[in-house]
Amino acid sequence: MKKRITLFLCILAAVLSLCSTTVLADGGWADIKDLRISSSGILKWKEVEGAAEYEVWTDDGLLLGYVSPGETHETFLEYLRLGSAPTGKYKATVYALDDWGTVIARSTTKESVSYTANGTTPNVPYVYWQDATIARWNRVEGDEVFYYVYLYGPSGMERHVRTSETSYNFDMYMFKDYHYYYTVVAGQAGHTRSGEESVYGPSTSNRRIVRLAGVNRYETALLAADEVIKNNEPAYFENIIIANGDNFPDALSGTYLALMYSCPLVLINESKAATVCEYLNNKLVDDAHISIIGGQNAVKDSWLKGISKKSRVFERLEGSNRYKTNLEILKQGYLDAAEILVATGKNFADALSASATGLPLLLVGDKLEDYQKDFLKKIQSPTFTIIGGKNAVSEQVEKDLAKYGTVEKRLAGDNRYETSSFIAYQYFSPLNHDNQPDFAVLATGANFPDGLSGGPLAWSVGNSPLLLIDPTGAKDMYARGYGADIALEQGYILGGENAVPDKEAVKILMYGAWKR
Numbered sequence: 404m405k406k407r408i409t410l411f412l413c414i415l416a417a418v419l420s421l422c423s424t425t426v427l428a429d430g431g432w433a434d435i436k437d438l439r440i441s442s443s444g445i446l447k448w449k450e451v452e453g454a455a456e457y458e459v460w461t462d463d464g465l466l467l468g469y470v471s472p473g474e475t476h477e478t479f480l481e482y483l484r485l486g487s488a489p490t491g492k493y494k495a496t497v498y499a500l501d502d503w504g505t506v507i508a509r510s511t512t513k514e515s516v517s518y519t520a521n522g523t524t525p526n527v528p529y530v531y532w533q534d535a536t537i538a539r540w541n542r543v544e545g546d547e548v549f550y551y552v553y554l555y556g557p558s559g560m561e562r563h564v565r566t567s568e569t570s571y572n573f574d575m576y577m578f579k580d581y582h583y584y585y586t587v588v589a590g591q592a593g594h595t596r597s598g599e600e601s602v603y604g605p606s607t608s609n610r611r612i613v614r615l616a617g618v619n620r621y622e623t624a625l626l627a628a629d630e631v632i633k634n635n636e637p638a639y640f641e642n643i644i645i646a647n648g649d650n651f652p653d654a655l656s657g658t659y660l661a662l663m664y665s666c667p668l669v670l671i672n673e674s675k676a677a678t679v680c681e682y683l684n685n686k687l688v689d690d691a692h693i694s695i696i697g698g699q700n701a702v703k704d705s706w707l708k709g710i711s712k713k714s715r716v717f718e719r720l721e722g723s724n725r726y727k728t729n730l731e732i733l734k735q736g737y738l739d740a741a742e743i744l745v746a747t748g749k750n751f752a753d754a755l756s757a758s759a760t761g762l763p764l765l766l767v768g769d770k771l772e773d774y775q776k777d778f779l780k781k782i783q784s785p786t787f788t789i790i791g792g793k794n795a796v797s798e799q800v801e802k803d804l805a806k807y808g809t810v811e812k813r814l815a816g817d818n819r820y821e822t823s824s825f826i827a828y829q830y831f832s833p834l835n836h837d838n839q840p841d842f843a844v845l846a847t848g849a850n851f852p853d854g855l856s857g858g859p860l861a862w863s864v865g866n867s868p869l870l871l872i873d874p875t876g877a878k879d880m881y882a883r884g885y886g887a888d889i890a891l892e893q894g895y896i897l898g899g900e901n902a903v904p905d906k907e908a909v910k911i912l913m914y915g916a917w918k919r
């Protein structure tokens with residue numbers, strides 16, 4: 404018996420020994436080997452099998468750049484912020500990402516990189532900005548001279564290119580009130596700043612990234628409503644959806660109605676009622692249809708007294724709980740042979756991501772209630788797509804749904820951010836749609852208020868997803884992967900910097916531009 408145990412332990416030790424040579428204890432990432440910097444200033448490392456791209460970062464959180472496989476010899480010290488980085492030493496860490504933007508390997512030792520502000524490479528004597536953010540400079544004499552052009556902005560280096568020409572059109576949106584500049588270096592490994600010019604965005608490009616951030620969730624929803632007007636080009640609203648902003652179920656259910664009517668959804672509570680009513684008086688046509696989601700406990704009649712009656716029609720859609728209210732809204736649509744999305748009504752994340760699809764959304768609890776079964780019996784040949792894992796929508800609910808239609812699929816990631824990307828790939832990609840989206844709406848996945856108005860906003864620009872963003876950036880590889888695959892270059896950001904930081908947004912909405 405002791406011999407068997409000893410043999411087992413030996414085998415186990417051998418297996419663990421093999422594993423420990425390729426897997427890190429602090430994250431499960433494989434090790435990028437042989438990270439080093441040459442005397443000529445070239446950062447090198449050993450290629451990682453399965454890597455679609457590499458990211459190079461400094462210790463202080465500055466993204467130095469993106470590198471494609473086979474291009475490690477093109478990674479120069481100029482990735483440091485030329486013209487602004489002081490002389491000194493920096494540490495570079497390299498991450499390998501797969502096709503989905505997931506980190507699969509990283510360098511375990513950080514390479515110390517010395518940077519000298521002065522060097523011997525010839526200066527490019529003249530650079531300047533022109534319309535559409537075109538950088539131009541004078542030619543440097545010499546054989547096979549290349550120019551390295553670097554654009555810097557609020558998140559560090561935002562673009563780098565190598566060209567033999569004496570101009571480059573960045574053709575990208577720039578955030579208002581942020582400082583951007585570019586530098587040009589002639590040669591292959593010089594360190595001299597050749598020129599620096601400043602610009603304050605936005606550019607004249609027709610691409611746009613707009614942050615909608617009010618002082619609270621209610622003002623953010625009104626800003627989103629203004630954008631819906633602009634995108635649909637009516638002078639005023641003919642329809643409006645009003646829901647309580649202190650909780651999420653009614654507003655998420657009301658999104659389907661807003662998409663049916665191609666109108667905004669605004670949020671209200673007692674303290675913000677006067678502001679919302681004043682806004683609606685200025686935006687609604689005289690015979691507007693006003694849909695109120697939820698009962699008196701959700702939206703009191705007294706809150707709406709400030710809306711001028713004129714010939715406007717008020718309709719209240721309510722049930723005794725969130726699930727019955729949800730059914731009252733679904734009854735407004737034509738559901739025979741329709742695809743119905745099914746998400747939990749206990750949490751906001753999955754339903755929020757699904758709200759931009761324009762599809763009817765059934766909210767469920769731990770089981771299908773009798774009144775939900777009665778409702779489904781009346782629908783002819785529906786198909787169901789479940790959003791979220793089995794902890795969100797149980798296997799029992801899935802079995803019950805199969806009695807009333809066809810359960811086609813379940814879109815479920817390891818977390819809300821991956822599930823959000825699955826929804827985007829399913830409903831907003833060339834694989835499933837004729838048009839490839841270049842637009843997205845970003846909202847924090849940490850809380851619900853800012854994103855509640857995101858579904859109608861995304862719908863108003865056509866074929867655009869609502870992506871949940873991790874404010875810390877730790878789980879944004881899913882959105883970045885989608886942005887890279889689709890080549891997103893414009894969009895809306897809902898909420899302020901604490902909700903969706905600029906440095907995370909540009910990685911998703913400008914990824915396509917970086918890849919060119």
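Heads up: the sequence shown begins at 404 in my numbering, then just goes up one per residue.
The beta-carbon is built from N, C-alpha and C at its ideal position, and this holds for glycine as well.
Between the Cα of residue i and those of the options, spot the shortest distance and give me the residue it belongs to.
| i | options | result |
| --- | --- | --- |
| Ile-509 | Asp-502, Leu-912, Asp-501 and Val-497 | The question names Ile, but residue 509 in the sequence shown is Arg. Checked all of Asp-502, Leu-912, Asp-501 and Val-497; the closest Cα to Arg-509 is Val-497. |
| Ala-455 | Thr-786, Trp-503 and Met-880 | Trp-503 |
| Glu-673 | Asp-689, Tyr-682 and Asp-704 | Asp-704 |
| Tyr-571 | Val-810, His-563 and Ala-538 | Ala-538 |
| Tyr-682 | Ile-645, Met-663 and Ile-696 | Ile-645 |
| Glu-900 | His-563, Val-613, Phe-717 and Val-767 | Val-613 |
| Ile-696 | Lys-708, Leu-730, Thr-678 and Asn-684 | Leu-730 |
| Ile-710 | Gly-768, Thr-678, Ile-507 and Ala-740 | Thr-678 |
| Ile-790 | Lys-675, Glu-568, Tyr-807 and Leu-762 | Leu-762 |
| Lys-633 | Ala-676, Ile-671 and Lys-686 | Lys-686 |
| Phe-851 | Ser-471, Gly-648 and Ser-567 | Gly-648 |
| Glu-811 | Ala-740, Lys-675 and Pro-833 | Ala-740 |
| Ala-882 | Asn-750, Phe-651 and Thr-505 | Thr-505 |
| Leu-668 | Ser-758, Asn-866 and Ile-896 | Ser-758 |
| Lys-727 | Gly-698, Leu-615 and Ala-815 | Gly-698 |
By the DSSP assignment, the beta strand (DSSP E) with residue i in it spans what residues?
| i | result |
| --- | --- |
| Tyr-571 | 570-572 |
| Leu-707 | First-last for Leu-707: undefined, no H or E at that position. |
| Asp-653 | Per DSSP, Asp-653 belongs to no beta strand (DSSP E); it is in the alpha helix (DSSP H), 652-664. |
| Lys-812 | 809-814 |
| Leu-765 | 764-767 |
Which stretch, first to last residue, makes up the alpha helix (DSSP H) that contains residue i?
| i | result |
| --- | --- |
| Gln-893 | Not the alpha helix (DSSP H): Gln-893 falls in the beta strand (DSSP E), residues 893-897. |
| Asp-777 | 773-780 |
| Phe-825 | 819-830 |
| Asp-753 | 752-757 |
| Asp-690 | First-last for Asp-690: 687-696, but that is the beta strand (DSSP E), not the alpha helix (DSSP H). |
In angstroms, rounded to a whole number, what distance separates the CA positions of residue i and residue j?
| i | j | result |
| --- | --- | --- |
| Glu-798 | Leu-804 | 10 Å |
| Leu-655 | Leu-755 | 7 Å |
| Ser-863 | Ala-746 | 23 Å |
| Phe-842 | Leu-625 | 20 Å |
| Val-909 | Lys-781 | 46 Å |
| Asp-879 | Cys-666 | 30 Å |
| Leu-912 | Gly-894 | 7 Å |
| Phe-640 | Ile-693 | 10 Å |
| Asp-753 | Gly-884 | 19 Å |
| Lys-793 | Lys-713 | 49 Å |
| Leu-765 | Leu-500 | 36 Å |
| Gly-453 | Glu-718 | 56 Å |
| Gly-857 | Val-631 | 10 Å |
| Lys-906 | Gly-898 | 14 Å |
| Ala-373 | Thr-847 | Past the boundaries of the shown model lies residue 373; the chain is included only from 404 to 919, so the question cannot be answered. |
| Pro-859 | Tyr-659 | 8 Å |
| Ile-671 | Ile-507 | 45 Å |
| Arg-620 | Asp-777 | 36 Å |
| Tyr-737 | Pro-785 | 11 Å |
| Lys-749 | His-563 | 45 Å |
| Ala-827 | Val-459 | 27 Å |
| Lys-449 | Gly-865 | 43 Å |
| Pro-472 | Tyr-457 | 7 Å |
Going by DSSP, name the residue or residues bridged to residue i.
| i | result |
| --- | --- |
| Val-669 | Ile-645 |
| Phe-457 | With the sequence shown as reference, residue 457 is identified as Tyr, and Phe is not the correct amino acid for it. For Tyr-457, which the question treats as bridged, DSSP gives the partners Val-470 and Ala-499. |
| Tyr-881 | Beta-bridge pairing links Tyr-881 to no other residue. |
| Arg-542 | According to DSSP, which records beta bridges pairwise, Arg-542 is partnered with nothing at all. |
| Ala-746 | Leu-766 |
If we call anything under 8 Å between Cβ atoms a contact, is residue i one with residue j?
| i | j | result |
| --- | --- | --- |
| Val-903 | Ile-872 | yes |
| Ile-643 | Ala-701 | no |
| Gln-996 | Met-663 | Nothing can be reported for residue 996, as the shown portion of the chain is limited to 404 through 919. |
| Thr-760 | Tyr-830 | yes |
| Ser-824 | Ile-889 | no |
| Val-854 | Leu-869 | A quick correction: the sequence has Gly, not Val, at residue 854. In contact: Gly-854 and Leu-869 (Cβ atoms closer than 8 Å). |
| Arg-725 | Pro-652 | yes |
| Thr-569 | Arg-542 | yes |
Tell me, please, whether the CB atom of residue i is closer than 8 Å to any CB atom in chain C?
| i | result |
| --- | --- |
| Asn-685 | No chain C appears in the structure shown, which is made up of a single protein chain. |
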